[in-house]
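According to our numbering, the sequence shown is numbered sequentially starting from 26.
Cβ coordinates follow ideal geometry from the N, Cα and C atoms, glycine included.
Everything below concerns the one structure shown next.
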Amino acid sequence: FEQACLPKDLLQILVGDPLRGAALVKSGVDKVFFTGSVGTGKKVMASAADNLTPIVLELGGKDPMIVLSDANLDHASSAALWGAYSNSGQACASVERIIIHESIHDKFVDLLRNKISALRHGGHQGVGDLGVATYEKQKAIYADQLAELNAENSKIIVGGKFTPDRSYLEPTLIINPPNVDGYPLERTKIYREETFGPVVAVTKFKTVTEAIQKANDTKYGLLASVFSSDLALAEQVAQHIHAGSVLINEVLYTHGLAETPWGGVKDSGFGRVHSDLGFLEFVNVRHIHKPRWWVPSFKSLWWFPYSEHQMQVFRHLMEFMFRRSFLRKVKALPHLLVELVHMLKTEKRL
Numbered sequence: 026f027e028q029a030c031l032p033k034d035l036l037q038i039l040v041g042d043p044l045r046g047a048a049l050v051k052s053g054v055d056k057v058f059f060t061g062s063v064g065t066g067k068k069v070m071a072s073a074a075d076n077l078t079p080i081v082l083e084l085g086g087k088d089p090m091i092v093l094s095d096a097n098l099d100h101a102s103s104a105a106l107w108g109a110y111s112n113s114g115q116a117c118a119s120v121e122r123i124i125i126h127e128s129i130h131d132k133f134v135d136l137l138r139n140k141i142s143a144l145r146h147g148g149h150q151g152v153g154d155l156g157v158a159t160y161e162k163q164k165a166i167y168a169d170q171l172a173e174l175n176a177e178n179s180k181i182i183v184g185g186k187f188t189p190d191r192s193y194l195e196p197t198l199i200i201n202p203p204n205v206d207g208y209p210l211e212r213t214k215i216y217r218e219e220t221f222g223p224v225v226a227v228t229k230f231k232t233v234t235e236a237i238q239k240a241n242d243t244k245y246g247l248l249a250s251v252f253s254s255d256l257a258l259a260e261q262v263a264q265h266i267h268a269g270s271v272l273i274n275e276v277l278y279t280h281g282l283a284e285t286p287w288g289g290v291k292d293s294g295f296g297r298v299h300s301d302l303g304f305l306e307f308v309n310v311r312h313i314h315k316p317r318w319w320v321p322s323f324k325s326l327w328w329f330p331y332s333e334h335q336m337q338v339f340r341h342l343m344e345f346m347f348r349r350s351f352l353r354k355v356k357a358l359p360h361l362l363v364e365l366v367h368m369l370k371t372e373k374r375l
């Protein structure tokens, strides 16, 4: 920052606990941008309201990945692997739900399971694909969500367990149980609540409409993705998904695109960062108005005093501007001009 010649103290970093964060929000700053959980985001919003401090909230997600029947399954399964387990799933934009056409469900699950088996735990120093889980509160969420699962509502294909030292949750893949009516997995916390870990739940759909409904059946709306060989169809589906960003044949990475807006809807927050929209979030927009032409003695037609001529001017003006009938417009024009001349003369508006 010094090499970039930024003014001293333009950027300041404070490290601390929630008490320090709460004090910062109440300190009278011009704006608050918060990234974190939904629960904490609501507390920040309530605290900021005391001083009417404007805020931007970038909160959690339960991001869906829709895989249509014509998708390239090798490509889609590799995308799901990275989208779900990158950074050990500890990303608000990670893939946590996969909604896949019933005709390709089994083949896709087999492909993804085989690719998961090749992932390596890296530890603190070793080379690997998955890092450790360091936050005990998040581990408790994993355990709570997994504890709800049973043979009646789910089938764990891969993972579902912590390593003996509890430093890792194994990469976990869950589907609906076979030979059970309906989709009971969709009623569990691991499908509906943010996990923020290496867990992905897979469910089927029959029609595109059903896939869209399932994708939108969540209180979150941060990121979503659609996989299909038909880009026009994928875009049509994307236009119906309630999310801040929808990716076609890609996952997760768009937070790194500074030229595109980033943010969510519903419980995923509001406001945007990045792009022109993000820049405008961090400035006070000021409107300065000046007339296109200026005559020092001219007094606007809508100023006092009000008069009969003034009323007729505006009446005929509305007729001329907004009547659908061309004939009515033409008939209004001479009346408008006559009343306008009378008004300017008698009321000394010039």
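CB contact check: residue i to chain B, cutoff 9 Å
i, result
"S62", "The displayed structure is made up of one protein chain only, and chain B is not part of it."
For residue j and residue i, the rounded distance between their alpha carbons
i, j, result
"V183", "F304", "43 Å"
"S253", "A236", "13 Å"
"T234", "T243", "16 Å"
"Y193", "R45", "30 Å"
"K186", "V40", "33 Å"
"V363", "I313", "34 Å"
"R353", "E344", "7 Å"
"H126", "L49", "48 Å"
"E27", "Y208", "56 Å"
"P202", "K180", "5 Å"
"T232", "H280", "30 Å"
"Y278", "N139", "23 Å"
"T188", "G294", "34 Å"
"Y167", "F230", "26 Å"
"Y331", "F339", "11 Å"
"S322", "L358", "25 Å"
"G156", "E195", "11 Å"
"L302", "K56", "15 Å"
"D190", "E260", "45 Å"
"N112", "E219", "15 Å"
"L272", "A263", "8 Å"
"T31", "R317", "In the sequence on display, residue 31 carries Leu and not Thr. Spanning the two alpha carbons is a distance of roughly 38 Å."
"N175", "D169", "13 Å"
8 Å contact criterion, which residue i and residue j should meet: CB distance rounded
i, j, result
"V290", "I123", "At roughly 21 Å, the Cβ-Cβ gap does not stay under 8 Å, so V290 and I123 are not in contact."
"L248", "A268", "6 Å"
"G53", "N76", "6 Å"
"M90", "S250", "5 Å"
"K315", "R374", "Not a contact, Cβ separation roughly 20 Å."
"E275", "A101", "E275 to A101, Cβ: 11 Å. No contact."
"V134", "V63", "Contact doesn't hold; Cβ gap of about 30 Å is too wide."
"V205", "E177", "6 Å"
Reference residue i, options the options, closest by Cα
i, options, result
"W107", "P223, F133, D292", "P223"
"E121", "I129, S128, Y110, H130", "Y110"
"P79", "F58, P286, R340, S94", "F58"
"R217", "T232, G246, H265", "G246"
"V308", "V63, K68, V81, T65", "V81"
"L361", "H367, K373, H341, R348", "H341"
"T197", "I215, E211, K56", "I215"
"S94", "G114, P189, L258, D154", "L258"
"N97", "P189, T228, D88, I129", "I129"
"F221", "W318, Q115, Q337", "Q115"
"I200", "D131, L256, A165, D42", "D131"
"H367", "M336, K51, V152", "M336"
"S119", "D99, H146, G147, G86", "G86"
"D88", "V310, P32, R317, I266", "I266"
"E173", "L369, M346, E211", "E211"
"D378", "V92, D99, R349", "Residue 378 falls outside the range modelled here, since the chain spans only 26 to 375, and no answer is possible."
"D370", "R348, H334, R349", "The amino acid occupying residue 370 in the given sequence is Lys; Asp does not appear at that position. The shortest C-alpha separation from K370 is found at H334."
"F329", "L137, E372, Q238, A29", "E372"
For residue i, the three-state DSSP class (helix, strand or coil)
i, result
"T197", "strand"
"P89", "strand"
"K214", "helix"
"S103", "helix"
"F347", "helix"
"H360", "helix"
"F230", "strand"
"R45", "helix"
"L155", "strand"
"T60", "strand"
"H312", "coil"
"H126", "strand"
"F221", "coil"
"V50", "helix"
"G269", "coil"
Buried versus exposed call for residue i [16 or more other C-beta atoms within 10 Å across all chains shown]
i, result
"C117", "buried"
"T159", "exposed"
"R297", "buried"
"I141", "buried"
"I38", "exposed"
"A73", "buried"
"W287", "buried"
"A143", "exposed"
"D292", "buried"
"E376", "Because residue 376 is not part of the residues shown, which for the chain are 26 to 375, the question remains open."
"S270", "buried"
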